[in-house]
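*Asks:*
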Amino acid sequence: MIDLEWYRSFIYIYKYNSVSEAAKARIMTQPALSQHLASLESEVGEPLFTRTSRKMVPTERGKELYSQVAPLIESLEATSLSFNSTSSPALSIIRIGSAIEYYYENILSKLNKFNTCTVSHFGTADQLLELLKEDKVDIIITSQKYQSPEIEYLFLCEEEFVIVAPYHLQIPENIDLKSKEEWLLSQKWISYGLDLPIIRRLWREHFKKRPIIKPVHIIPNLHLILKAIESGMGISLIPTFILVNSMQEAKSKVLFKELKVSNKLYIAYKTKNKHLPEINKIVDTLSMKK
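Residue 9 is where the sequence shown starts when you use the working numbering, and the numbers rise one by one after that.
As structure tokens, then:
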């Protein structure tokens, strides 16, 4: 008779591609977890993994079994958690990580809907992922994915970056792509960082090369970059969700609207927390359209 724990161990090995890592995640010894796998393979009648020096590679039978079993085990765990939710203490604080600009525009106004206390952390996508991996935050908004069975990602939205200039800057009309590039290179640029983040992406996508730009100002805050643009200090790339008021008040304008780049944003959290009601409430709230 198959033990339910054999399936749990099999799923962890499948996710981690490693007996040792699966054992750590399950808080078990490696011999005990290996015995679970051996017992399950004996019951199934064929190997579920091919063992290499570097990792455990699932066989076709292993892949088939995982697709059948994983949803059932996750459903069972979710049901068990719901039974215990009334007696288990709720998390008193949820730690949220986000870029400060996205937080200001899209999260701050929704804090009172989370029904929990929050501690907010701000940083770049890679900084926030490090905080999540180290369990220093519970949920983040990120444009980057770190492939790990410990972290799950849900698509949130797509942010679009456009070239923004002071409202009264004179823009050449009806020029070809090469002329647009030459004109843009002649302008004063404001950048989020010395490595020209997002600006490099725009050049690669539209001009198929690296930009030769020395920014006049480095300002690691998109709201402040927009203020600098409005003051006539230069041009830069700004996400459209920040621009609404500035354009309505005729303080800035978008240049060459076809020259744009986009980022996909994700909500990320540890797999172990996916069934926590506080996490689910935040996910549902952030996913709602305004």
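The C-beta atom is built at its ideal place from N, Cα and C for all residues, glycine as well.
Measuring CA to CA, which of Phe-122, Gly-70, Pro-39 and Leu-267 is closest to Gly-53?
*Replies:* When each option's Cα is compared against that of Gly-53, the closest is Gly-70.
*Asks:* Can you tell which of Ser-83, Thr-37, Thr-126 and Ile-21 has its C-alpha closest to the C-alpha of Thr-67?
*Replies:* It is Ile-21.
*Asks:* Would DSSP call His-283 helix, strand or coil?
*Replies:* Of the three classes helix, strand and coil, the one that applies to His-283 here is coil, per DSSP.
*Asks:* Determine the closest residue to Leu-232 out of Lys-272, Thr-150, Ser-83 and Leu-251, with distance taken between C-alpha atoms.
*Replies:* Ranking the options by Cα distance to Leu-232, first place goes to Leu-251.
*Asks:* With 16 as the cutoff for other CB atoms within 10 Å, does Thr-60 come out buried or exposed?
*Replies:* Exposed, because fewer than 16 other Cβ atoms sit within 10 Å of the Cβ of Thr-60.
*Asks:* Consult DSSP for Val-27 and reduce its assignment to one of helix, strand or coil.
*Replies:* Reduced to three states, the DSSP call for Val-27 is helix.
*Asks:* Report buried or exposed for Phe-163, applying the criterion of at least 16 other Cβ atoms within 10 angstroms of its Cβ.
*Replies:* The residue is exposed, with fewer than 16 neighbouring Cβ atoms inside 10 Å.
*Asks:* Given a threshold of 16 other Cβ atoms within 10 Å of its Cβ, counted over all protein chains shown, does Ser-194 qualify as buried or as exposed?
*Replies:* Classification of Ser-194: exposed, given that the 10 Å Cβ count is below 16.
*Asks:* Smallest Cα separation from Ser-42: which of His-225, Phe-18 and Val-65?
*Replies:* Closest option to Ser-42, Cα to Cα, is Phe-18.
*Asks:* Sorted by chain position, which residues of the same chain lie with C-beta nearer than 6 angstroms to Asn-271's C-beta, five sequence neighbours on each side aside?
*Replies:* Ser-151 and Glu-167, listed in sequence order.
*Asks:* Which of helix, strand or coil does DSSP assign to Val-170?
*Replies:* Three-state result, Val-170: strand.
*Asks:* For Ser-96, which residues in the same chain have their Cβ closer than 6 angstroms to its Cβ, ignoring the five residues on either side in sequence?
*Replies:* Unreliable placement is indicated for Ser-96, whose pLDDT of 45 sits below 50; the coordinate value is still reported in the next sentence. The answer is none, since no qualifying residue turns up.
*Asks:* Can Leu-234 and Val-170 be called in contact, C-beta distance under 8 angstroms?
*Replies:* Cβ atoms of Leu-234 and Val-170: not closer than 8 angstroms.
*Asks:* From Ile-243 to Asp-184, what does the alpha carbon distance come to, in whole angstroms?
*Replies:* When rounded, the distance between both Cα atoms is 20 angstroms.
*Asks:* Between Ile-206 and Leu-177, is the Cβ-Cβ spacing less than 8 angstroms?
*Replies:* No.
*Asks:* Could you have a look at Thr-124 and say whether DSSP puts it in helix, strand or coil?
*Replies:* The answer is coil: DSSP assigns Thr-124 none of H, G, I, E or B.
*Asks:* Ignore the nearest five residues each way along the sequence and tell me which others in Tyr-274's own chain have a CB closer than 8 angstroms to its CB.
*Replies:* Excluding residues within five positions, the ones whose Cβ falls inside 8 angstroms are Ile-149, Thr-150, Ser-151, Lys-153, Tyr-161, Leu-162, Phe-163 and Leu-164.
*Asks:* For the putative contact between Ile-226 and Leu-210, defined by C-beta atoms under 8 angstroms, what is the C-beta separation to the nearest angstrom?
*Replies:* About 17 angstroms separates the two Cβ atoms, so there is no contact after all.
*Asks:* Once the 5 residues before and after Leu-48 are set aside, which same chain residues still bring their CB inside 8 angstroms of it?
*Replies:* Only Ile-10, Trp-14, Tyr-15, Ser-17, Phe-18 and Leu-56 meet the Cβ criterion.
*Asks:* Scan the region 131 to 201 and note each continuous beta strand (DSSP E) run of 3 residues or more that stays entirely inside, going in chain order.
*Replies:* Runs of the beta strand (DSSP E) inside the region 131 to 201: 147 to 150 and 159 to 174.
*Asks:* With distances taken Cα to Cα, identify the nearest neighbour of Ile-290 among Arg-212, Met-64, Phe-122 and Ala-78.
*Replies:* Ile-290 has its Cα closest to that of Phe-122, out of Arg-212, Met-64, Phe-122 and Ala-78.
*Asks:* Considering only C-alpha positions, which residue in the set Lys-144, Ala-276, Leu-139 and Arg-103 is nearest to Thr-124?
*Replies:* The option with the nearest alpha carbon to Thr-124 is Arg-103.
*Asks:* Are the CB atoms of Ile-198 and Ala-373 within a distance shorter than 8 angstroms?
*Replies:* Since the first and last residues shown for the chain are 9 and 298, residue 373 lies out of range.
*Asks:* Buried or exposed: which applies to Ala-40, given that a residue is buried once 16 or more other Cβ atoms fall within 10 Å of its Cβ?
*Replies:* Exposed, since its Cβ has fewer than 16 Cβ neighbours within 10 Å.
*Asks:* Counting along the chain, where does the beta strand (DSSP E) carrying Ala-276 start and finish?
*Replies:* Element bounds for Ala-276: 260 to 278.
*Asks:* Could you tell me how far apart the beta carbons of Glu-213 and Val-269 are, in whole angstroms, since I believe they sit closer than 8 angstroms?
*Replies:* Confirmed, Cβ separation roughly 6 angstroms.
*Asks:* Relative to the alpha-carbon of Leu-84, which residue among Lys-32, His-283 and Leu-230 has its alpha-carbon at the smallest distance?
*Replies:* Taking only the C-alpha atoms, the option nearest Leu-84 is His-283.
*Asks:* Might you give, ordered along the chain, the residues of its own chain that have their beta carbon closer than 8 angstroms to the beta carbon of Gln-38, omitting 5 neighbours on each side?
*Replies:* Closer than 8 angstroms at Cβ, skipping near neighbours: Val-27, Ser-28 and Ala-31.
*Asks:* How many angstroms separate the CA atom of Lys-188 from the CA atom of Ile-221?
*Replies:* So the alpha carbons of these two residues sit roughly 14 angstroms apart.
*Asks:* Would you mind giving the Cβ-Cβ distance between Lys-261 and Ile-159, rounded to the nearest angstrom? I have them listed as a contact below 8 angstroms.
*Replies:* The pair is not a contact, with the Cβ atoms about 39 angstroms apart (cut-off 8 angstroms).
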